[in-house]
Amino acid sequence: MEKSDARVVCISIEDGEILKRKQPATLRLLQQRRDHRPIIHSIKVAIALVLVSLLYLQKDLYDEVGDNAMWAIMTVVVLYEFTAGATLGKGLNRGIGTILGGSVGMLTGLLSQRAGRRANAVVLGISIFFIGAIASYTRFIPTIKKKYDYGVMIFILTFNLIAVSGYRGEEIVKLAGDRLSTVGMGFAVCVATSFFICPVWAGDNLHRSLVTKFENITVSLEGCLAEYFKTNNQKTAVKTKRSISNGYISVLHSKDADAAMANFASWEPWHGRFGFYYPWDKYLQISETLRQLAACVLSLHSCVQSVQQSPEWIRRSFEKPCTNLGEAIVCALSELGESIHKMRRCHSLASVIGKSLQAMAEELRTALIEPLPHSQDIGLVVERRKKGEEEEVMGGAGLGDALAVAAFAYMLLEMEEKVQDLAKSVEELGTIAGFKPQ
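For the sequence shown, my numbering assigns the number 1 to the initial residue and increments by one for each residue that follows.
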């Protein structure tokens with residue numbers, strides 16, 4: 001493989017065939033760029049804090065809201081998130097929770113006051129107990145926990161503050177109105193600065209994250225193939241070994257982050273290439289398949305690092321079919337990742353990838369069942385071991401030596417099947433999301 005700034009192992013569809021070609025390593029260049037977004041985010045938070053602090057600093061504003069300006073500052077500190085979707089989702093949750101909590105708390109306080117001075121505390125205590133218990137229980141409901149958990153928590157907080165404050169003679173209606181207005185001010189400042197000053201969209205992050213997963217898996221798979229079929233006198237740098245594990249480990253540990261980004265993206269308005277009701281759930285489905293592929297690469301890496309290794313001549317016998325299938329998988333993943341990255345759709349992508357992978361997989365299956373040169377079939381080895389014959393076979397290699405390379409090969413075959421399913425999912429995503437024809 002040539003060394004250049006371009007990624008050599010990728011594919012192109014021409015006349016129904018998969019061809020190798022050179023293509024710029026777009027994804028790697030994106031990863032190498034320095035991310036200035038954290039600095040911009042810090043500046044945006046500082047601007048928001050200065051704006052809400054005017055409620056204290058400006059006398060006219062302070063005369064209107066008084067000490068309730070504290071709630072606006074607290075709202076900015078608590079609400080402001082890195083992405084616009086997270087800020088909007090959290091803000092709407094806080095707003096709805098404040099409105100509902102304030103309304104229920106105000107109603108509870110007014111009803112308890114009508115019960116008389118003696119029964120006031122009893123009615124209030126019973127109401128707080130039951131409403132608090134019911135609201136806390138709803139946080140365990142999966143659909144509510146997924147998107148509205150923060151809102152329920154704010155509901156509980158606001159309800160208790162409003163209901164209990166009314167017991168000591170404070171004006172409940174005015175208290176609830178002041179709290180709602182100051183929270184609304186803080187929320188408006190958060191949304192304005194988050195949406196209109198260099199916005200960071202959760203949808204863009206999820207899209208970029210999905211594309212990066214394809215790149216990480218291909219890098220790890222290439223590293224496993226190179227490591228496994230190197231000669232005994234070759235030594236691989238520690239950096240290469242780390243890059244192999246870093247790639248698939250980052251994919252395996254991405255489930256929670258993907259779910260959070262998809263949740264935040266669902267709150268975001270139309271922006272850029274992503275419209276309303278964009279199929280973010282399809283992104284999660286593709287990410288799950290990629291995690292299964294990453295688990296397969298983990299198994300391949302375990303084969304590479306295993307103490308029990310097949311003799312070099314056995315590995316050489318399987319090198320060509322394994323490498324061909326591995327490169328075909330790398331090519332397919334590269335093309336699928338590029339298709340999502342550029343949001344381009346090819347109608348025959350899944351079928352073309354399927355035909356290419358099936359041809360390479362059939363070649364490897366044939367190599368597994370055919371007798372090796374100067375050796376015996378693995379099936380015969382198993383049969384002899386069942387009969388209790390302990391003689392050395394396969395050119396002096398034991399059963400464990402033969403099965404070591406067979407495990408590596410069969411894991412590649414498992415990956416081939418998953419990549420075909422992945423290609424169909426990507427094609428479905430292109431249809432649902434309205435990718436432009438390639």
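By construction, the Cβ of each residue, glycine as well, lies at the ideal position given by its N, Cα and C atoms. A quick note: this is a predicted structure, and the numbers were derived from the prediction, not measured.
Alpha carbon to alpha carbon, what distance is there between Asp178 and Thr75?
14 Å
Output needed for Pro199: all residues of its chain with C-beta closer than 8 Å, excluding positions within five of it in sequence on either side, in chain order.
Ala84 and His271
When burial is assigned at 16 or more other CB atoms within 10 Å of the CB, is Thr366 buried or exposed?
exposed
What would DSSP say about His341, mapped onto helix, strand or coil?
helix
Put Pro279 into one of helix, strand or coil per three-state DSSP.
coil
In whole angstroms, what separates the C-alpha of Val419 from that of Ala332?
Straight-line Cα distance between these residues: approximately 8 Å.
Roughly how many angstroms separate the alpha carbons of Ala163 and Ser112, rounded to a whole number?
9 Å
Identify the continuous alpha helix (DSSP H) that holds Glu64 and give its terminal residues.
Lys59 to Val65
Residue ranges of each alpha helix (DSSP H) run of no fewer than 4 residues wholly in the region 258 to 323, ordered along the chain?
For the region 258 to 323, whole alpha helix (DSSP H) runs of length 4 or above, ordered along the chain, are 280 to 305.
Following a CB-centred definition, is Leu100 positioned closer than 7 Å to any heavy atom of the ligand GTP?
Absence of the ligand GTP is noted for the structure shown, with no ligands found whatsoever.
According to DSSP, is Lys230 helix, strand or coil?
In the three-state DSSP reduction, Lys230 falls in the coil class, being neither helix nor strand.
Would Val173 be called buried (16 or more neighbouring beta carbons within 10 Å of its own) or exposed?
exposed
In the DSSP output, what is Pro437 paired with across the bridge?
Arg345
Go to Val200, then tell me how far its alpha helix (DSSP H) extends in each direction, as first and last residue.
It is not in any alpha helix (DSSP H) - Val200 carries neither H nor E in the DSSP assignment.
List, from N- to C-terminal side, the alpha helix (DSSP H) runs of 4 residues or more that fit wholly inside the region 161 to 218.
172 to 196
Which parts of the region 59 to 130 are runs of the alpha helix (DSSP H), unbroken and 4 residues or longer, counting only runs that do not cross its ends?
Runs found: 59 to 65, 69 to 79 and 84 to 114.
Taking the C-alpha atoms as reference points, what is the distance between Lys424 and Leu100?
45 Å
Between the beta-carbon of Val211 and the beta-carbon of Ser243, is there less than 8 Å?
no
Express the C-alpha separation of Ala188 and Leu49 in angstroms, rounding to a whole number.
Looking at the two C-alpha atoms, the distance is approximately 12 Å.
Assess contact between the region 201 to 210 and the region 256 to 268, defined as three or more Cβ pairs (one per stretch) separated by less than 8 Å. Is contact present?
In short, these stretches touch, since the Cβ pair count reaches three.
In the DSSP assignment, find the alpha helix (DSSP H) that holds Ile144 and state where it starts and stops.
Element bounds for Ile144: Pro142 to Lys147.
Could you tell me the distance, in whole angstroms, from the CA atom of Ile96 to the CA atom of Gly151?
7 Å
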